[in-house]
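Undergrad: I'd like to ask some things about the structure below.
What follows is the structure, given as structure tokens:
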């Protein structure tokens with residue numbers, strides 16, 4: 038039986054934490070370890086790319102120095118023996134040199150292409166992983182560090198959010214990584230990183246380290262993929278909002294995906310796909326409470342109750358478009374969403390009544406102005422739309438559960454609970470999968486709405 | 031069409047003969063590069079195939095220049111299709127696997143008769159081809175000139191294939207048939223097969239059942255949509271079949287054949303077949319039985335070995351890409 042352990046950035050952010058993680062990683066199980074970048078480093082690298090694109094070479098050099106000393110200090114603090122440190126130290130030096138060459142070149146031409154940006158962003162994981170590998174080695178295990186590309190993760194050329202070439206990735210991992218584990222080694226793979234089929238460095242998108250872990254898990258048919266982070270698991274609600282929120286023991290892949298989409302845990306949206314395809318179990322666990330069982334995602338999970346979680350999306354905006362010329366005209370919704378899509382804005386929720394005279398949709402707040410402006414420029418000026426309004430002070434409340442499907446009365450309980458607290462519902466959406474009822478409320482009502490629904494479905498009592 | 035042929039053994043040379051002999055093809059197909067394991071020869075206007083065959087047979091190599099990487103060759107002669115005909119490696123599929131991968135990544139269609147890479151990396155190579163929007167065809171890997179894969183695909187439309195059974199290795203079938211008809215032991219039968227050109231110097235792959243297992247993997251993955259690998263096929267060869275057992279079976283009206291089976295499980299093993307069973311062929315032949323859920327059993331029988339027979343399958347794939 039084989040396991041994949043993936044450690045998040047906060048789990049390895051200082052010397053004592055690295056030692057703690059190395060201890061977890063050297064339990065008796067055969068395993069492959071996947072490592073994220075240190076907490077905050079990816080943000081630094083994003084900033085670095087930004088500075089380079091503006092040609093600020095001095096700032097670039099300064100920031101690289103900062104990143105370098107952060108890792109070197111951590112290495113010195115976490116690893117006592119000189120031999121164990123040496124290999125990691127060499128790797129860090131190589132990555133820093135590589136980072137310096139690319140970013141200064143970019144700074145000189147004041148341009149960072151998506152390909153160069155990936156080369157810069159991938160450095161976070163390539164700097165942290167050798168340190169963890171050294172810490173595992175120091176505990177007497179035989180560990181070896183490799184990049185995602187070296188492990189065999191191959192993607193297309195869609196830099197920044199590359200899509201794995203799945204079967205080839207599985208084929209490679211089976212041939213490159215599996216024999217290492219079987220011979221007793223603990224490979225430490227830099228998460229998030231991959232390479233294209235032409236050999237360039239690519240990255241798997243935000244939250245990509247989870248994706249690395251599930252891809253490896255699928256390739257080696259792991260018994261379980263454990264995603265270690267600083268939260269106890271998937272919860273019935275955000276514990277900062279609802280005191281009574283508790284960890285859910287088991288969820289289905291579909292439920293976990295819904296929860297991830299609504300920010301229960303920042304996770305790559307496609308990261309559960311490889312696990313689900315091969316029926317690989319995924320467990321969310323807290324690095325700092327390893328004794329807890331966390332949340333297990335699996336096929337035919339034990340699901341108690343129709344509603345499993347209530348989540349709040351705060352930084353949302355609702356855009357409402359009106360126009361009588363939309364009525365009975367096929368394709369009007371398509372052209373509206375097409376315009377929004379062109380701005381790179383993702384639509385989270387859509388609602389339209391049968392009268393067809395208006396359509397409301399919800400987007401992340403940072404994209405709302407851009408989307409509205411695009412619609413104004415095109416469809417408002419051409420007369421296809423009569424008005425466009427943006428509401429910034431709203432929140433989305435999502436009520437999630439796989440067994441809501443076919444259970445009558447869920448909506449009645451939900452809306453009764455809101456009505457009892459005097460909360461006005463501005464917009465409603467439920468897909469026919471019936472896994473999720475999303476409602477829009479005024480921002481000031483958001484927290485209260487979550488608490489009301491959480492209580493109404495007895496999620497605090499289970 | 032511009033072809034790059036890598037691997038110039040029996041099948042490669044047969045293909046070159048076939049193309050140069052028939053005017054219908056030689057007008058359409060231009061072979062711009064031929065590479066063997068040590069050298070290559072390139073001509074952007076098309077090689078004189080008869081001349082290259084003569085050089086290979088006289089000197090053992092096609093060219094004078096030391097072999098370079100396939101990727102570089104592709105850049106140099108810009109083929110639209112790469113024909114991979116190197117020897118089957120049952121362990122890791124190399125060098126065929128890398129050749130096919132590099133050709134696909136370079137955006138070229140690929141035709142191969144090499145079982146190793148297709149059996150070992152079936153889904154990996156197919157997905158890679160799909161993502162790069164190129165064709166990957168491999169009908170020559172199974173049944174030589176007998177188009178079992180295409181036939182099976184046609185059977186599966188509108189119906190469901192439940193199981194596939196067949197004699198997939200003609201060398202072992204020839205050896206068993208000879209023991210049966212001439213009353214010779216296995217060693218003698220193998221020697222005779224070599225003389226007739228139905229066995230290579232090394233018959234381990236054929237006699238051990240591994241060649242059949244590779245073919246079974248390709249057939250099952252192609253027709254049943256499975257994800258099996260060669261290691262998952264329970265394989266027993268014919269190396270321990272005694273003349274006595276063959277005689278005993280004959281008396282019962284049965285014949286011992288090396289049968290590959292894909293259905294509820296995946297096996298290659300010697301089995302006693304009824305003489306009247308359509309599957310029970312003799313000599314260097316292959317036979318296949320495709321059992322469908324609604325339309326019953328269908329049989330295909332054909333010659334299952336030979337450079338020219340396999341070359342025909344390769345040419346068929348090339349032409350179907352060209353006619354796309």
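Protein chains in written order, with the working numbering: chain A, 38 to 499; chain B, 31 to 354. Backbone N, C-alpha and C define an ideal beta-carbon position, used for all residues, glycine too.
Does the structure place the stretch 340 to 349 of chain B close enough to the stretch 162 to 178 of chain B that three or more beta carbon pairs sit under 8 Å?
TA: Yes, the stretch 162 to 178 of chain B is in contact with the stretch 340 to 349 of chain B.
Undergrad: In the DSSP assignment, find the unbroken alpha helix (DSSP H) run with residue 184 of chain B in it and report its ends.
TA: Your numbering for residue 184 of chain B matches position 154 in the second chain. Run containing residue 184 of chain B: 178 to 186, per the alpha helix (DSSP H) assignment.
Undergrad: Do the stretch 476 to 483 of chain A and the stretch 424 to 434 of chain A meet, that is, are 3 or more Cβ pairs less than 8 Å apart?
TA: Segments in contact, yes.
Undergrad: What residues in the stretch 182 to 208 of chain A bring their beta carbon closer than 9 Å to a beta carbon of chain B?
TA: So the list reads 191, 193, 200, 202, 203, 204, 205, 206, 207, 208, given in the order they occur along the chain.
Undergrad: With distances taken Cα to Cα, identify the nearest neighbour of residue 284 of chain B among B:310, B:74, B:267.
TA: Here residue 284 of chain B refers to the residue found at position 254 of the second chain. It is B:310 whose Cα lies nearest to the Cα of residue 284 of chain B.
Undergrad: Within 10 angstroms of the Cβ of residue 179 of chain A, are there 16 or more other Cβ atoms? Answer buried if so, exposed if not.
TA: What you label residue 179 of chain A is simply residue 142 of the first chain in a count that begins at 1. It is exposed - the Cβ of residue 179 of chain A has fewer than 16 other Cβ atoms within 10 Å.
Undergrad: Is residue 358 of chain A closer than 8 Å to residue 425 of chain A when the C-beta atoms are compared?
TA: Taking the first chain and counting its residues from 1, one reaches residue 425 of chain A at position 388. Taking the first chain and counting its residues from 1, one reaches residue 358 of chain A at position 321. Yes.
Undergrad: Check the Cβ of residue 153 of chain B against every Cβ in chain A and list those closer than 7 Å, keeping chain order.
TA: Locating residue 153 of chain B in the second chain gives position 123, where the first residue counts as 1. Under the 7 Å cutoff, chain A gives 204.
Undergrad: Going straight from the alpha carbon of residue 171 of chain A to that of residue 241 of chain B, what length do you get?
TA: Against the first chain, residue 171 of chain A aligns to sequence position 134. Against the second chain, residue 241 of chain B aligns to sequence position 211. Going by the C-alpha atoms only, they are around 45 Å apart.
Undergrad: What's the gap between the Cα of residue 197 of chain A and the Cα of residue 72 of chain A?
TA: Taking the first residue of the first chain as position 1, residue 197 of chain A is located at position 160. Taking the first residue of the first chain as position 1, residue 72 of chain A is located at position 35. Answer to the nearest angstrom: the Cα atoms are 19 Å apart.
Undergrad: Taking contact to mean at least 3 C-beta pairs separated by less than 8 Å, is the stretch 41 to 52 of chain A in contact with the stretch 261 to 272 of chain A?
TA: Enough Cβ pairs lie closer than 8 Å, so yes.
Undergrad: What residues from the stretch 209 to 235 of chain A come within 7 Å of chain B, judged by C-beta to C-beta, listed N to C?
TA: Hits within the stretch, in order: 234, 235.
Undergrad: Could you tell me the boundaries of the beta strand (DSSP E) in which residue 350 of chain B lies?
TA: Translated into positions along the second chain, residue 350 of chain B becomes position 320. No beta strand (DSSP E) contains residue 350 of chain B, which is instead part of the alpha helix (DSSP H) from 337 to 352.
Undergrad: Give the straight-line distance between the Cα atoms of residue 312 of chain A and residue 233 of chain A, rounded to the nearest whole angstrom.
TA: For this step, residue 312 of chain A is matched to residue 275 along the first chain. For this step, residue 233 of chain A is matched to residue 196 along the first chain. Spanning the two alpha carbons is a distance of roughly 22 Å.
Undergrad: By how many angstroms is the C-alpha of residue 292 of chain B removed from the C-alpha of residue 33 of chain B?
TA: Within the second chain, the letter at position 3 stands for residue 33 of chain B. Within the second chain, the letter at position 262 stands for residue 292 of chain B. Distance between the alpha carbons of residue 33 of chain B and residue 292 of chain B: 35 Å.
Undergrad: Can you name the residues of chain A whose CB is closer than 8 Å to the CB of residue 167 of chain B?
TA: Locating residue 167 of chain B in the second chain gives position 137, where the first residue counts as 1. Per Cβ cutoff of 8 Å: no residues; residue 167 of chain B is ~18 Å from chain A at best.
Undergrad: Output needed for residue 126 of chain A: all residues of its chain with C-beta closer than 7 Å, excluding positions within five of it in sequence on either side, in chain order.
TA: Taking the first residue of the first chain as 1, we reach residue 126 of chain A at position 89. For residue 126 of chain A, where only same-chain residues beyond five positions count, the Cβ hits under 7 Å are 112.
Undergrad: Under the rule that 16 or more other beta-carbon atoms within 10 Å means buried, what is residue 165 of chain A, buried or exposed?
TA: In the first chain, the residue the question calls residue 165 of chain A occupies position 128. So residue 165 of chain A counts as buried.
Undergrad: Only counting the same chain, and skipping five residues up and downstream in sequence, which positions put a Cβ closer than 7 Å to that of residue 101 of chain B?
TA: Within the second chain, numbered from 1, the residue matching residue 101 of chain B stands at position 71. Hits under 7 Å: 132, 136.
Undergrad: Relative to the alpha-carbon of residue 467 of chain A, which residue among A:48, A:319, A:438 has its alpha-carbon at the smallest distance?
TA: Locating residue 467 of chain A in the first chain gives position 430, where the first residue counts as 1. Answer by Cα proximity: A:438.
Undergrad: What do you get for residue 498 of chain A, buried or exposed, if any count of 16 or more other CB atoms within 10 angstroms of its CB means buried?
TA: Position 461 of the first chain, counted from the first residue, corresponds to residue 498 of chain A. Classification of residue 498 of chain A: exposed, given that the 10 Å Cβ count is below 16.
Undergrad: Put residue 490 of chain A into one of helix, strand or coil per three-state DSSP.
TA: As a position in the first chain, residue 490 of chain A is number 453, starting the count at 1. Correct three-state label for residue 490 of chain A: helix.
Undergrad: Three Cβ pairs or more, each shorter than 8 Å: is that satisfied between the stretch 207 to 220 of chain A and the stretch 92 to 111 of chain A?
TA: Flag = no, the stretch 207 to 220 of chain A and the stretch 92 to 111 of chain A do not touch.
Undergrad: Between which residues of its own chain and residue 462 of chain A is the CB-CB distance below 8 Å, once the five residues before and five after are set aside?
TA: Within the first chain, the letter at position 425 stands for residue 462 of chain A. Within the same chain, residue 462 of chain A has close Cβ partners 452, 455, 476, 477, 478.
Undergrad: Secondary structure at residue 174 of chain A, three-state DSSP: helix, strand or coil?
TA: To locate residue 174 of chain A, count along the first chain from 1; it is residue 137. Of the three classes helix, strand and coil, the one that applies to residue 174 of chain A here is helix, per DSSP.
Undergrad: Counting only Cβ pairs nearer than 7 Å, list the residues of chain A close to residue 161 of chain B.
TA: Here residue 161 of chain B refers to the residue found at position 131 of the second chain. Within chain A, the residues near residue 161 of chain B are 193, 202.
Undergrad: Name, in chain order, the residues that DSSP records as bridge partners for residue 44 of chain A.
TA: Here the question's residue 44 of chain A lines up with position 7 in the first chain. Per DSSP, A:72, A:265.
Undergrad: Pairs of beta-carbons, one from the stretch 272 to 281 of chain B and one from the stretch 207 to 220 of chain B, closer than 8 Å: are there three or more?
TA: At 8 Å Cβ cutoff, the stretches touch.
Undergrad: Can you tell me the Cβ-Cβ gap for residue 377 of chain A and residue 384 of chain A, rounded? I've got them flagged as a contact below 8 Å.
TA: Against the first chain, residue 377 of chain A aligns to sequence position 340. Against the first chain, residue 384 of chain A aligns to sequence position 347. Right, their Cβ atoms sit about 6 Å apart.
Undergrad: Within 10 angstroms of its Cβ, does residue 260 of chain B collect 16 or more other Cβ (buried), or is it exposed?
TA: Mapped onto the second chain, residue 260 of chain B falls at position 230. With 16 or more other Cβ atoms within 10 Å, it is buried.
Undergrad: Within 10 angstroms of its Cβ, does residue 371 of chain A collect 16 or more other Cβ (buried), or is it exposed?
TA: Position 334 of the first chain holds residue 371 of chain A. Exposed.
Undergrad: Show which residues of chain A have a CB atom less than 7 Å away from the CB atom of residue 135 of chain B.
TA: Translated into positions along the second chain, residue 135 of chain B becomes position 105. Within chain A, the residues near residue 135 of chain B are 234, 235.
Undergrad: Along the chain, where does the beta strand (DSSP E) containing residue 352 of chain A start, and where does it finish?
TA: Residue mapping note: residue 352 of chain A aligns to position 315 of the first chain, counting from 1. Per DSSP, residue 352 of chain A belongs to the beta strand (DSSP E) from 346 to 359.
Undergrad: Within the chosen definition, does the stretch 150 to 169 of chain A reach the stretch 233 to 245 of chain A through at least 3 CB pairs nearer than 8 Å?
TA: Because the criterion of three Cβ pairs below 8 Å is met, the stretch 150 to 169 of chain A and the stretch 233 to 245 of chain A touch.
Undergrad: Distance check for residue 214 of chain A and residue 224 of chain A, CA to CA, integer angstroms please.
TA: To locate residue 224 of chain A, count along the first chain from 1; it is residue 187. To locate residue 214 of chain A, count along the first chain from 1; it is residue 177. The straight-line gap from Cα to Cα measures roughly 7 Å.
Undergrad: Taking C-beta pairs closer than 8 Å, name the residues in chain A that residue 158 of chain B reaches, listed in chain order.
TA: The count along the second chain starts at 1 and reaches residue 158 of chain B at position 128. 202, 204, 205, 234, listed in chain order.
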